[in-house]
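Enquirer: Handing you this structure, nothing more for now.
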């Protein structure tokens, strides 16, 4: 009976050592090794051997990804960005007071003035002015060069013209950029297009039309002031003549 127990105990110890050896072998295959009674630690050598074993497969995957990426890059249409830089000067806006004919102080100051100018550069009215001056919606070919979607066919000539204008406006809104230069009175107007000449033409067109629109507003303001002064002079002359007649009478 004792001999049987001793035999069973020896057999259990041998099985335990065999199981421990199998576990250590499994851990080594997985890249982990046992260090004492602590937690298993990563065996980098096992991973390196595994990488060397499959080096051709890894190299093939890498080269395949590189070729695919290069092919996609070559097939993509390059986009060019043209920039035009404007200097915005804040000038005192003079408005004739109807009471004392004295120029009032400028109501638009500081950051509000510049934010207003940036808004004017992004405005739909300026974009329409650029489209009209450059003929960007004159035909479907012009829309194609602009990168806009061709409108639906059919309808009257006026309907087609309106559709082309709407498509041109959308393309300009998607590709136009207005970026103030920090710490200065400069603002950059940029435009993206597949054709660098068209990108430069539109960016310069925005700058030129913005300047011209400011000149038009100043002219209109001057014309209004001139008309206002002429009316006041006529009224003053009429009152003066009336007073003279009363004195003579």
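Residue numbers (the working numbering): 7 to 255.
Just so it is clear, CB atoms sit at the ideal spot from N, CA and C, and this is done for glycine as well.
Remember, predicted model here, so these are calculated numbers, not experimental data.
Measure how close the beta-carbons of residue 143 and residue 171 come, nearest whole angstrom, since I'm counting them as under 8 Å.
Expert: Between residue 171 and residue 143 the Cβ distance is about 5 Å, and since that is below 8 Å, they are a contact.
Enquirer: Indicate the three-state DSSP secondary structure (helix, strand or coil) for residue 162 in the structure shown.
Expert: In this structure, residue 162 counts as coil in the three-state DSSP scheme.
Enquirer: Roughly how many whole angstroms lie between the Cα atoms of residue 219 and residue 195?
Expert: Their Cα atoms are separated by approximately 16 Å.
Enquirer: Might you give, ordered along the chain, the residues of its own chain that have their beta carbon closer than 7 Å to the beta carbon of residue 88, omitting 5 neighbours on each side?
Expert: Excluding positions up to five away in sequence, the list reads 196, 197, 202, 205, 206 and 209.
Enquirer: Helix, strand or coil for residue 88 per DSSP?
Expert: Strand.
Enquirer: Buried or exposed: where does residue 254 fall if 16 or more other Cβ atoms within 10 Å of its Cβ makes it buried?
Expert: With fewer than 16 Cβ atoms within 10 Å of its Cβ, residue 254 is classed as exposed.
Enquirer: Assuming residue 142 is part of the alpha helix (DSSP H), what are its boundary residues?
Expert: That residue, residue 142, is in no alpha helix (DSSP H); it is neither H nor E in DSSP.
Enquirer: What does the alpha-carbon distance come out to for the pair residue 212 and residue 135?
Expert: Taking the straight line from one Cα to the other gives about 9 Å.
Enquirer: Using the beta-carbon count (16 or more within 10 Å), is residue 154 buried or exposed?
Expert: Residue 154 comes out buried.
Enquirer: What are the boundary residues of the alpha helix (DSSP H) that includes residue 237?
Expert: Taken as a continuous stretch (DSSP letters only), the alpha helix (DSSP H) holding residue 237 covers 202-254.
Enquirer: Going by the beta-carbon positions, is the gap between residue 192 and residue 122 smaller than 8 Å?
Expert: No, these two residues do not count as a Cβ contact at 8 Å.
Enquirer: May I ask you to list the residues that DSSP assigns as paired with residue 199?
Expert: In DSSP, residue 199 forms a bridge with 86.
Enquirer: Strictly by DSSP, which residues pair up with residue 182?
Expert: Partner(s): 197.
Enquirer: Pull up the distance between the alpha-carbon of residue 56 and that of residue 76, whole angstroms please.
Expert: Cα to Cα, the separation comes out at about 29 Å.
Enquirer: Going by other Cβ atoms of all chains shown within 10 Å of its Cβ, with 16 needed for buried, is residue 149 buried or exposed?
Expert: Residue 149 comes out buried.
Enquirer: Looking at the secondary structure, which residues open and close the alpha helix (DSSP H) in which residue 55 lies?
Expert: That run of the alpha helix (DSSP H) goes 50-59.
Enquirer: For residue 93, which residues does DSSP report across the bridge?
Expert: Note: residue 93 sits in a beta bridge opposite 192.
Enquirer: State the DSSP-derived secondary structure class of residue 156, mapped to helix, strand or coil.
Expert: Residue 156 falls in the coil class under three-state DSSP.
Enquirer: Can you check whether the CB of residue 164 is closer than 8 Å to the CB of residue 84?
Expert: Not in contact: residue 84 and residue 164 (Cβ atoms no closer than 8 Å).
Enquirer: Starting from the C-beta of residue 94, find all residues in its chain whose C-beta is less than 7 Å away, skip the five residues before and the five after it, and write them out in chain order.
Expert: Around residue 94: 120, 123, 191 and 193.
Enquirer: Alpha carbon to alpha carbon, how far is residue 59 from residue 66? Give it in angstroms, no decimals.
Expert: For residue 66 and residue 59, the distance between alpha carbons rounds to 13 Å.
Enquirer: How big is the Cα-Cα spacing for residue 233 and residue 96?
Expert: Roughly 25 Å between the two C-alpha positions.
Enquirer: How close, in whole Å, do the beta carbons of residue 146 and residue 156 come, if the pair is a contact with beta carbons under 8 Å?
Expert: With a Cβ gap of about 5 Å, residue 146 and residue 156 count as contacting.
Enquirer: Name the residue from 173, 181, 229 and 185 whose alpha carbon lies nearest to the alpha carbon of residue 125.
Expert: Taking only the C-alpha atoms, the option nearest residue 125 is 185.
Enquirer: Using the Cα positions of residue 80 and residue 72, report the straight-line distance between them to the nearest angstrom.
Expert: Roughly 12 Å separates the two Cα atoms.
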